[in-house]
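Trainee: Chains A and B are the protein sequences, given in the same order.
Letter by letter, the first sequence follows residues 0 to 165 of numbering that gives the first Met the number 0.
Letter by letter, the second sequence follows residues 0 to 165 of numbering that gives the first Met the number 0.
Positions of the beta carbon are idealized from the N, C-alpha and C atoms, including for glycine.
Number of protein chains: 2
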Amino acid sequence: MNQNVFDDPRITAVGLLVEAHAGLSARFAAQFEEHGLSPVEFEVLTRLARSPGNQLRMTDLAAQTSLSTSGVTRVVDRMERDGLLCRRACPSDRRSSYAVVTTAGLQRLDQTLPGHLRIIEQWFTGQLEPEELRAVLDGLRRVRDAVHPGATAGSTEPVPEEDARS
Amino acid sequence: MNQNVFDDPRITAVGLLVEAHAGLSARFAAQFEEHGLSPVEFEVLTRLARSPGNQLRMTDLAAQTSLSTSGVTRVVDRMERDGLLCRRACPSDRRSSYAVVTTAGLQRLDQTLPGHLRIIEQWFTGQLEPEELRAVLDGLRRVRDAVHPGATAGSTEPVPEEDARS
DNA sequence: CGAGGAATATTGCCATGGCTATAGTTGCTC
DNA sequence: GAGCAACTATAGCCATGGCAATATTCCTCG
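1) What residues of chain B sit near residue 71 of chain A, judged by a beta carbon separation below 9 Å?
2) Examine the Cβ distances between the stretch 71-81 of chain B and the stretch 46-63 of chain B and report whether three or more of them are shorter than 8 Å.
3) Is there at least one Cβ from chain B nearer than 7 Å to residue 130 of chain A's Cβ?
4) For residue 118 of chain B, decide whether its Cβ has a neighbour in chain A, counting only Cβ atoms nearer than 7 Å.
5) What residues of chain A sit near residue 7 of chain B, judged by a beta carbon separation below 7 Å?
6) What are the residues that DSSP puts in a beta bridge with residue 96 of chain A?
7) For residue 49 of chain A, which three-state DSSP category applies?
8) By the three-class DSSP mapping on this structure, what secondary structure does residue 55 of chain B have?
9) Please classify residue 53 of chain B: is it buried, with 16 or more other beta-carbons within 10 angstroms of its beta-carbon, or exposed?
10) Compare the C-alpha of residue 124 of chain A against each of A:19, A:10, A:13, A:3 and name the closest.
11) Does the Cβ of residue 80 of chain B have 16 or more other Cβ atoms within 10 Å, making it buried, or fewer, making it exposed?
12) So which of B:103, B:99, B:126, B:56 has the shortest CA-CA distance to residue 92 of chain B?
13) Can you tell me whether DSSP reads residue 20 of chain A as helix, strand or coil?
14) Could you tell me if residue 35 of chain B is buried or exposed, where buried requires 16 or more neighbouring beta carbons within 10 angstroms of its beta carbon?
15) Nearest by alpha-carbon distance to residue 105 of chain A: which of A:48, A:9, A:10 is it?
16) On a Cα-Cα basis, can you pick out the residue from A:69, A:46, A:99 that is closest to residue 4 of chain B?
17) Which stretch, first to last residue, makes up the alpha helix (DSSP H) that contains residue 71 of chain B?
18) Would you mind reading off the limits of the alpha helix (DSSP H) that contains residue 111 of chain B?
19) For residue 107 of chain A, count the other beta carbons within 10 Å of its own beta carbon; 16 or more makes it buried, fewer makes it exposed. Which is it?
20) Name, going along the chain, the residues of the stretch 63-91 of chain B whose beta-carbon falls closer than 9 Å to a beta-carbon of chain A.
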């Protein structure tokens, strides 16, 4: 068996990306937990808080998170039970319902965000010189745009079908 | 509520990292599935295949993957049932047992790896100029070393305790 | 208008995996 | 050697979340 396949620079590159991500996620999760939030709940809270009216239809919330629509149903169940958000019927479409952040939810987010930003700075952005950071982010943006169809509003271009990198 | 918190460059930076990782993971998972593997199973297979004797104690396997020891027990259960690996009693310590990759497991990995490498190149490394890629990897290495204690054998230095909290 | 198909949220069923308790083993200390 | 703490793998119980089925509601086309 070809042992040195694992020394392939591509494997190494992915390993770095995965481990950097995993390490940061673990730090985030620990801090979220201090504020009684799971990573998914924090994600939901931020997505709602940055949406007009602090609300989003269940479907749209699912599209903006890592969850399926049924997953969103359940997270919203839990968070509604905890008073972080509530459901609101959509007046124009009786199939839809909104998830709306409550005041308590916004407060919780406010409590969590400063520490979150501190962690990012301490363990990610602050570890790099400004121009290094810019280089990393430029690279990640290119990867993201290639591999994550429809991630940003800006990239409406079709997903590149081949390895073409202009 | 402070809406423009979400325009904070730190939030943006993490968002890029997370989405690049998520996009790549999704592509990987799709290709693994073509070969009848889950992401965790692929991880286990590679960890074992790159270990001396194609084997690892359950505990060590857990330490090298994203799983707890009980998680490893179950993945190994499934993979043993599928014939990808088998358990072997440790002769020197009757508490321990090894997970050993079978020939079928190595074959499965051989079938999967070329496509995996192609995906990495097509959607990650190949999207960047060589010097861009090097810059990204250098940055990720720094982040990884900071945030992921004990990730590599090379970085024995203690985790920076530069702290600022509480 | 009415029928059929698409969209929306939810629920049932299931796989995955973490935490904790447990049983077996080892090694250290007295 | 006996006792005890640490280690190792596993099983029980539970939370999370995906997929598919389901019930509503909406929309389009005839």
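Mentor: With the given structure in hand:
1) For residue 71 of chain A, there are no C-beta contacts with chain B under 9 Å, since the nearest C-beta of that chain is about 16 Å from it.
2) Yes, the stretch 71-81 of chain B touches the stretch 46-63 of chain B.
3) Interface residue (Cβ-Cβ distance to chain B less than 7 Å): residue 130 of chain A is not classified as such.
4) No, residue 118 of chain B does not count as interfacial toward chain A.
5) Chain A residues near residue 7 of chain B: 116.
6) The partner list for residue 96 of chain A (beta bridge, DSSP) reads A:88.
7) In this structure, residue 49 of chain A counts as coil in the three-state DSSP scheme.
8) Reduced to three states, the DSSP call for residue 55 of chain B is strand.
9) Residue 53 of chain B should be labelled buried.
10) Measuring C-alpha to C-alpha distances from residue 124 of chain A to each of A:19, A:10, A:13, A:3 identifies A:19 as the nearest.
11) Residue 80 of chain B should be labelled exposed.
12) Among B:103, B:99, B:126, B:56, the Cα nearest to that of residue 92 of chain B is on B:56.
13) Reduced to three states, the DSSP call for residue 20 of chain A is helix.
14) When all chains shown are included, residue 35 of chain B counts as exposed.
15) Ranking A:48, A:9, A:10 by Cα distance to residue 105 of chain A puts A:48 first.
16) Comparing Cα-Cα distances from residue 4 of chain B to each of A:69, A:46, A:99, the minimum goes to A:46.
17) Per DSSP, residue 71 of chain B belongs to the alpha helix (DSSP H) from 68-80.
18) For residue 111 of chain B, the uninterrupted alpha helix (DSSP H) segment begins and ends at 102-122.
19) When all chains shown are included, residue 107 of chain A counts as buried.
20) Those would be 65, in chain order.
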